[in-house]
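In what follows, a structure is listed as structure tokens, so that the remarks can point back to it.
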Amino acid sequence: MLFNSIPFLIFLSVVYLFYWGLPRSYRKPFLLFSGLSFYAYFSLAFTFHFLAIIAINYLLYRKLHETKGKFWIRFTVSFNLINLGFFKYFYFFNKVLADLTHYPFFEKVPGLVHIVLPLAISFYSFQVIAAAIDTYRDNSKPLVSVFDYFLFVAFFPVLIAGPIMRLGDFLPNLDKLNPDKEKMYRASYLLMSGLVKKVLVADPMSTTISPIFSNPSSYDSFSLVMAGICYSIQVYCDFSGLTDMARSVALYLGFEIPENFTGPFFSTSGRELWKRWHITLSLWLRDYIYFPLGGSRLGEIRTYLNLIIIMTLGGFWHGADYTFICWGFYWGVILAAERYLEDGLGWKLTPTKNKFLIVIKAFIVFFLFSVSGLMFRSNNASLMVDLFHGIFTHFPSRLESFLSGDSNSWLIGATSLFGSGSSFSFAHIENLERVSYMAVVLFLFHHFQYFPEYWMKFRKYDPYLAPICGMLTIFLLATLSQDGGDFIYYRF
1 MLFNSIPFLI
11 FLSVVYLFYW
21 GLPRSYRKPF
31 LLFSGLSFYA
41 YFSLAFTFHF
51 LAIIAINYLL
61 YRKLHETKGK
71 FWIRFTVSFN
81 LINLGFFKYF
91 YFFNKVLADL
101 THYPFFEKVP
111 GLVHIVLPLA
121 ISFYSFQVIA
131 AAIDTYRDNS
141 KPLVSVFDYF
151 LFVAFFPVLI
161 AGPIMRLGDF
171 LPNLDKLNPD
181 KEKMYRASYL
191 LMSGLVKKVL
201 VADPMSTTIS
211 PIFSNPSSYD
221 SFSLVMAGIC
231 YSIQVYCDFS
241 GLTDMARSVA
251 LYLGFEIPEN
261 FTGPFFSTSG
271 RELWKRWHIT
281 LSLWLRDYIY
291 FPLGGSRLGE
301 IRTYLNLIII
311 MTLGGFWHGA
321 DYTFICWGFY
331 WGVILAAERY
341 LEDGLGWKLT
351 PTKNKFLIVI
361 KAFIVFFLFS
371 VSGLMFRSNN
381 ASLMVDLFHG
391 IFTHFPSRLE
401 SFLSGDSNSW
411 LIGATSLFGS
421 GSSFSFAHIE
431 NLERVSYMAV
441 VLFLFHHFQY
451 FPEYWMKFRK
461 YDPYLAPICG
471 MLTIFLLATL
481 SQDGGDFIYY
491 RF
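So the sequence shown is numbered by the UniProt record's numbering: it starts at 1 and just counts up by one.
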């Protein structure tokens, strides 16, 4: 029951009508019931596991509220990491042991043990860990009731893929559960925005580039680089679209939840990018890993190391594979290098006045992100190696044609991304046009996020625009979503 599906539209409609139709005192119980029903739709068996994890964490939360000892916070964090590690990383660590020891037993384990990843385990694990650490650091705040705690973890708009909520984000909403016209308008816009990103951009882009990632050896280096660029557009529209829909659903129910994206591809440095991309994860890594490691307080070398550590762990959080570790390490090195050049050598890497340099730097950061997209998208380390090997080896004939002056031949070969296999024909130029209009849509959505004050002047037309958004939402779901795929972050 993904957000871009007819079943979810029906589910949300029923929840919305009953939720606001019930007396205020019944809304929270009904919302908790809705969240558990949403979870049970994916797996009834894992719903009991989910309830047990919430119950245990609430007991540990109460203990942390009563005492300041380090034992209980260490136990709470360890318990949740073990739960996450068993379901998400068991096969990965078994593979590592098999590769290191070549012991036959480890090679047989995948056939003997069948482990299924529970829905949303990566996200709710980080939520309960954050709640525990925040309580340990300051246990003077009022004790959260068991009911509110369960609702905090099982709040269905953020269950699939965040944003990663904290108690401080969630609890203030519980005193404001009243219908709000302004929230309803914003919810309509966000739902429409999320569906456009997902259905009209992310899914078609996935169709365009999937053949390349399935068989990279058949494509030239230009196509492989373009695949990384196109995947960057896809993953942004897919994940930010999901976040828009999550925020929309929450607003329909009267809840304000954190924003996760603020025009990340307008960033002029890696540091700025990670302040604008998956913001709640970046803040989580900063507050609960980077600062405890010493942050930037223990000297430059330790700062560089801490940056590499948190980004590598952030990559590993995304998935149990070497590709995600490489992706995180890659960004850790970039952030450390930026800090060294700026703080160590005194270079000014982020332009502030020269608009031309700002645009150039934004393109550089976007290109670096696109390179990392090749790692992120690869299903395994072998495919990742093939992709980068192809980038540096699949170009000689095209380059020779270009150098000899046959630029037409080079262009036709270089744009094989938009044809089939490694040969291009102009009959497939519509795919090139598709990528072009998707890039325009990407720019517009970034403009919405980066310059929200510019678009506020259109809010006076809310009564007219909101119904149109509603009709377009139903149209998109009814006509296009049947061919749509899962959200990328749904599998994390």
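Heads up, the beta-carbon is just placed ideally off N, CA and C, and yes, glycines get one too.
Decide if the stretch 203-220 is in contact with the stretch 124-133; the criterion is three or more beta carbon pairs, one per stretch, under 8 Å apart. no
Between which two residues does the alpha helix (DSSP H) carrying ALA40 extend? To locate residue 40, count along the sequence shown from 1; it is residue 40. Per DSSP, ALA40 belongs to the alpha helix (DSSP H) from 24-42.
Apart from the five residues just before and just after TYR19, which ones in its own chain have a Cβ nearer than 7 Å to its Cβ? One-based indexing of the sequence shown puts residue 19 at position 19. Around TYR19: ARG27, PHE30, LEU31 and LEU253.
Quick check: what's the CA-CA separation for PHE142 versus SER248? Reading the sequence shown from its first residue, position 142 is the one you call residue 142. Reading the sequence shown from its first residue, position 248 is the one you call residue 248. Inspection of the sequence shows that residue 142 is occupied by Pro rather than by Phe. Their Cα atoms are separated by approximately 29 Å.
Given SER13 as reference, the closest of SER34, PHE105, SER25 and GLY315 once Cα atoms are compared: In the sequence shown, counting from the first residue as 1, residue 13 sits at position 13. Of the listed residues, the one whose Cα sits closest to SER13 is SER34.
Assuming ARG377 contacts TYR231 (C-beta within less than 8 Å), just tell me the rounded distance between them. Indexing the sequence shown from 1 puts residue 377 at position 377. Indexing the sequence shown from 1 puts residue 231 at position 231. Yes, they are in contact, since the Cβ atoms of ARG377 and TYR231 sit about 5 Å apart, within 8 Å.
Taking the continuous alpha helix (DSSP H) assigned at LEU349, which residues delimit it? By one-based count along the sequence shown, residue 349 stands at place 349. Premise fails: LEU349 is in no alpha helix (DSSP H) and is neither H nor E.
Buried or exposed: which applies to ALA52, given that a residue is buried once 16 or more other Cβ atoms fall within 10 Å of its Cβ? The residue given as residue 52 occupies position 52 in the sequence shown. Exposed: under 16 other Cβ atoms inside 10 Å.
Inter-residue spacing [alpha-carbon to alpha-carbon] between PHE150 and PRO7: For the purposes of this step, residue 150 is taken as residue 150 along the sequence shown, with counting starting at 1. For the purposes of this step, residue 7 is taken as residue 7 along the sequence shown, with counting starting at 1. About 25 Å.
For a test of the three-state rule: what should DSSP assign to LEU62, helix, strand or coil? As a working mapping, residue 62 is identified with position 62 in the sequence shown. Here residue 62 is Arg; the residue named in the question, Leu, does not match the sequence. ARG62: helix per DSSP, three-state reduction.
At least three beta-carbon pairs within less than 8 Å, the stretch 37-56 to the stretch 152-168: yes
Do you know how far the Cα of LEU17 is from the Cα of SER269? In the sequence shown, counting from the first residue as 1, residue 269 sits at position 269. In the sequence shown, counting from the first residue as 1, residue 17 sits at position 17. Roughly 45 Å separates the two Cα atoms.
For the alpha helix (DSSP H) that GLY254 lies in, which residues bound it at each end? Locating residue 254 in the sequence shown gives position 254, counting from the first residue. It is not in any alpha helix (DSSP H) - GLY254 carries neither H nor E in the DSSP assignment.
For PRO396, count neighbouring C-beta atoms within 10 Å of its own C-beta (all shown protein chains included) and say buried if the count is 16 or more, exposed if not. Stepping through the sequence shown from its first residue, residue 396 is reached at position 396. Confidence at PRO396 is low in this model, with a pLDDT of 47, below 50, so the placement of that residue is unreliable and no value is reported for it.
Through-space distance from ARG186 to ILE301, alpha-carbon basis: Start at 1 with the first residue of the sequence shown, and residue 301 comes out as number 301. Start at 1 with the first residue of the sequence shown, and residue 186 comes out as number 186. One C-alpha to the other measures close to 45 Å.
Name the two residues that bound the continuous alpha helix (DSSP H) containing PRO157. Taking the sequence shown and counting its residues from 1, one reaches residue 157 at position 157. Looking at the DSSP string, PRO157 is not in any alpha helix (DSSP H), and its letter there is neither H nor E.
Status (buried if at least 16 other CB within 10 Å, exposed otherwise) for ARG137: To locate residue 137, count along the sequence shown from 1; it is residue 137. Classification for ARG137: exposed.
List the whole-angstrom C-beta distance separating PHE369 from LEU273, where the pair is believed to meet the contact cut-off of C-beta under 8 Å. Position 369 of the sequence shown, counted from the first residue, corresponds to residue 369. Position 273 of the sequence shown, counted from the first residue, corresponds to residue 273. Indeed they touch by this definition, with Cβ atoms about 7 Å apart.
Helix, strand or coil at MET165 [DSSP, three-state]: Position 165 of the sequence shown, counted from the start, is the residue given in the question as residue 165. Note: MET165 maps to coil in three-state DSSP.
LEU307 beta carbon near the ligand COA (any heavy atom closer than 8 Å): As presented, the structure is devoid of all ligands, the ligand COA included, so that no description of it is given.
Leaving out the 5 sequence neighbours to the left and right, which residues in its chain are closer than 7 Å to ILE325 when beta-carbon positions are compared? Numbered from 1 along the sequence shown, position 325 holds the residue referred to as residue 325. The residues are THR312, GLY315 and PHE316.
Within its chain, find whatever has a CB closer than 6 Å to the CB of ASN94; leave out the 5 residues flanking it on each side and keep chain order. Taking the sequence shown and counting its residues from 1, one reaches residue 94 at position 94. Hits under 6 Å: PHE106 and VAL109.
Determine the DSSP secondary structure at VAL144, reduced to helix, strand or coil. Reading the sequence shown from its first residue, position 144 is the one you call residue 144. Coil.
Nonlocal neighbours in the same chain, by C-beta distance under 6 Å from LEU329, ignoring five residues either side: Within the sequence shown, numbered from 1, the residue matching residue 329 stands at position 329. The amino acid occupying residue 329 in the given sequence is Phe; Leu does not appear at that position. Result list for PHE329: THR312, in chain order.
Under 8 Å: do the stretch 237-245 and the stretch 290-301 share three or more Cβ pairs, one atom per stretch? no
Excluding five sequence neighbours on each side, which residues of the same chain lie with their C-beta closer than 8 Å to the C-beta of ILE73? Here residue 73 refers to the residue found at position 73 of the sequence shown. If we look at ILE73 and ignore the five residues flanking it on each side, its Cβ neighbours are LEU64, ALA132, ILE133 and TYR136.
Measure the C-alpha to C-alpha separation of GLY228 and SER193 and round it to an integer number of angstroms. Taking the sequence shown and counting its residues from 1, one reaches residue 228 at position 228. Taking the sequence shown and counting its residues from 1, one reaches residue 193 at position 193. Rounded to the nearest angstrom, the two C-alpha atoms are 24 Å apart.
In three-state terms, what does DSSP make of TRP277? One-based indexing of the sequence shown puts residue 277 at position 277. In the structure shown, TRP277 sits in coil (DSSP, three-state: anything other than H, G, I, E or B).
What would DSSP say about LYS95, mapped onto helix, strand or coil? Taking the first residue of the sequence shown as 1, we reach residue 95 at position 95. LYS95: helix per DSSP, three-state reduction.
Using a Cβ-Cβ cutoff of less than 6 Å, which residues in the same chain neighbour THR350 once the five nearest sequence positions on both sides are dropped? By 1-based counting over the sequence shown, the position of residue 350 is 350. Once the five neighbours on either side are set aside, the close Cβ partners of THR350 are THR268 and SER269.
Identity of the residue in PRO163, VAL96 and VAL144 nearest LEU283 by Cα: On the sequence shown, residue 283 is found 283 positions in, with the first residue counted as 1. Of PRO163, VAL96 and VAL144, the residue nearest in Cα terms is PRO163.
What three-state label does DSSP hand ASP134 in the structure shown? Sequence index remark: in the sequence shown, residue 134 carries index 134 (1-based). Of the three classes helix, strand and coil, the one that applies to ASP134 here is helix, per DSSP.
SER223 and ILE212 look like a contact to me (Cβ under 8 Å); what is the Cβ gap, rounded to whole Å? Within the sequence shown, numbered from 1, the residue matching residue 223 stands at position 223. Within the sequence shown, numbered from 1, the residue matching residue 212 stands at position 212. So it is a contact: roughly 6 Å between Cβ atoms.
Are there 16 or more other CB atoms within 10 angstroms of the CB of ARG24, so buried, or fewer, so exposed? Translated into positions along the sequence shown, residue 24 becomes position 24. That one is exposed.
Identify whether THR262 lies in helix, strand or coil by the three-state DSSP scheme. Position 262 of the sequence shown, counting from 1, holds the residue named residue 262. If DSSP states are grouped into helix, strand and coil, THR262 belongs with coil.
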